[in-house]
Amino acid sequence: MNKKGIIVPLYIYPEPYIQYTKAEAEKLADTEHHGVYDWHNLIECRGKYSKVPVIAIVNPASGPGKEMDPVFKKAFIALKEAGITIIGYVSTKYAGMASAISLPQYPIINIKQDIDSWYRFYPMIDGIFFDEMARGFDPKVQSYYAEVKDYAKSFNSGLVVMNPGLSINHRWYDNNIADIFITWEKDSYPTTTEAVTDSDYLQQDSEDGPERGCLVIGKKFKKHDVKWILKTHYDWMFITPFSLDPNPWDKLDIDTLKKLFRILSR
């Protein structure tokens, strides 16, 4: 991938997606059934701006859940038909590490079982999103995540995205531990100083190395900031005006979504 794109945490139940037309969904927009409206909006925007790459992080139950949900399955098929890349949510629980200098404690088999479930329940997905990634400096931490990545890749060589939420050591990039790292997930836009914290990453000459993503929480769309972020330091981005409390990812703001699509289509 080399074109800038949208990576959207779509932690929203789609309701019986295929039972509603767009017009019917609009009537549900301000109710507890807003999920179907949000999915329609994302798919409609992708249809209008078809050249904008879109990755949707899907999350039925803080992961794949205990069984296949036919409502999600049908909604995932609709995303695929719209040309949207789908990656399944898996928490790595910071590898069970108490600090950046400790070693992984969380059983890696638990993560592998979630990956197994994703591909068993929803074989149409395009990869895995590993949330709550530890940023430890010990090589054993990177080996832990390298094993996780290799296991995920063994299914369909799909996309692997990891979310430390903050800047990481250059060795994570050098060793290609992921295809994309989310190195910003905060309730602010990154400043110039903050965006270049990954100084080792910015010194890379290779265009084939991991890319970076930015998730901005609780802020309105700012055209200047968005253009600067995408032009300089980040390859993937999403913005939500909804605050961290209780959950910024359980609904989409259609105005922000449309503005992001428009700026990336130019």
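Sequential numbering of the sequence shown, starting at 123, is according to the working numbering. Virtual Cβ for every residue (Gly too), placed ideally from N, Cα, C.
Nearest-angstrom Cα distance between residue i and residue j?
{"i": "isoleucine 339", "j": "lysine 262", "result": "32 Å"}
{"i": "lysine 170", "j": "asparagine 285", "result": "29 Å"}
{"i": "methionine 359", "j": "phenylalanine 277", "result": "26 Å"}
{"i": "aspartate 253", "j": "arginine 388", "result": "31 Å"}
{"i": "isoleucine 302", "j": "aspartate 330", "result": "11 Å"}
{"i": "tryptophan 350", "j": "valine 270", "result": "33 Å"}
{"i": "phenylalanine 343", "j": "tyrosine 311", "result": "10 Å"}
{"i": "aspartate 327", "j": "tryptophan 306", "result": "Its pLDDT being 44, under 50, aspartate 327 is placed unreliably by the model, and the measurement read from it follows with that caveat. Each residue's alpha carbon lies about 22 Å from the other."}
{"i": "isoleucine 361", "j": "threonine 315", "result": "20 Å"}
{"i": "proline 182", "j": "lysine 202", "result": "17 Å"}
{"i": "arginine 293", "j": "aspartate 260", "result": "10 Å"}
{"i": "glycine 218", "j": "arginine 168", "result": "37 Å"}
{"i": "tyrosine 133", "j": "alanine 200", "result": "16 Å"}
Quick check on the burial criterion: 16 or more other C-beta atoms within 10 angstroms. Buried or exposed for residue i?
{"i": "glutamine 227", "result": "exposed"}
{"i": "leucine 386", "result": "buried"}
{"i": "phenylalanine 198", "result": "buried"}
{"i": "glutamate 189", "result": "exposed"}
{"i": "serine 365", "result": "exposed"}
{"i": "histidine 162", "result": "buried"}
Just verifying my parser: in three-state terms, what is the DSSP assignment at residue i?
{"i": "alanine 217", "result": "helix"}
{"i": "leucine 259", "result": "Correcting the residue identity first, residue 259 is phenylalanine in this sequence and not leucine. Phenylalanine 259 falls in the coil class under three-state DSSP."}
{"i": "glycine 335", "result": "strand"}
{"i": "threonine 313", "result": "coil"}
{"i": "isoleucine 267", "result": "Contrary to the premise, residue 267 reads as tyrosine rather than isoleucine in this sequence. Correct three-state label for tyrosine 267: helix."}
{"i": "isoleucine 206", "result": "coil"}
{"i": "alanine 274", "result": "helix"}
{"i": "alanine 200", "result": "helix"}
{"i": "tyrosine 241", "result": "helix"}
{"i": "arginine 384", "result": "helix"}
{"i": "phenylalanine 303", "result": "strand"}
Identify, in the order they occur along the chain, each residue of the same chain with its Cβ nearer than 7 Å to the Cβ of residue i, setting aside the five sequence neighbours on each side.
{"i": "serine 265", "result": "none"}
{"i": "tyrosine 273", "result": "Lys234 and Ile237"}
{"i": "proline 368", "result": "none"}
Give every residue of the same chain whose Cβ lies closer than 6 Å to the Cβ of residue i, excluding the five residues on either side of it in the sequence, and list them in chain order.
{"i": "phenylalanine 251", "result": "Ile179, Ile209, Tyr211 and Val283"}
{"i": "glycine 280", "result": "Asp248 and Gly249"}
{"i": "aspartate 191", "result": "Pro182"}
Residue i bridges to which residues according to DSSP?
{"i": "glutamate 254", "result": "Note: glutamate 254 sits in no beta bridge, so no partner."}
{"i": "lysine 308", "result": "Val338"}
{"i": "tryptophan 358", "result": "Gly127 and Gly335"}
{"i": "leucine 132", "result": "Val180"}
Does the distance between the C-beta of residue i and the nearest non-hydrogen atom of the ligand GTP fall short of 7 Å?
{"i": "alanine 178", "result": "Ligands are entirely absent from the displayed structure, and the ligand GTP is therefore not among its contents."}
In its own chain, which residues sit with a C-beta less than 8 Å from the C-beta of residue i, not counting the 5 before and 5 after it?
{"i": "threonine 378", "result": "Lys342, Phe343, Ile361, Thr362 and Pro363"}
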